[in-house]
Amino acid sequence: MRSDEFYMHRAMDQAHLAFTNGEVPVGAVVVD
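Numbering (the working numbering), first residue to last: 5 to 36.
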């Protein structure tokens, strides 16, 4: 299983992608 930091970085990457596309900078990653 990957660390919490890995998934937090994924969420931050998604938020940054949204921001650069002029969208609301919210990122989320669902982990099961």
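Think of the CB as a built atom: it goes at the ideal place given N, C-alpha and C, for glycine as much as any other residue.
Sequence-distant residues of its chain with Cβ nearer than 8 Å to residue i (five each side left out)
i   : result
A15 : G31, A32, V33
A19 : P29, V30, G31
D17 : G31
Reduced DSSP secondary structure (H/G/I, E/B, other) of residue i
i   : result
M5  : coil
D17 : helix
A32 : coil
Nearest-angstrom Cβ-Cβ length linking residue i and residue j, presumed shorter than 8 Å
i   : j   : result
Y11 : V28 : So it is not a contact: roughly 20 Å between Cβ atoms.
Test: residue i CB closer than 7 Å to a CB of chain B
i   : result
G31 : You won't find chain B in this structure, because it holds only one protein chain.
Residues near residue i in its chain [Cβ-Cβ closer than 6 Å; skip 5 each side]
i   : result
F23 : P29
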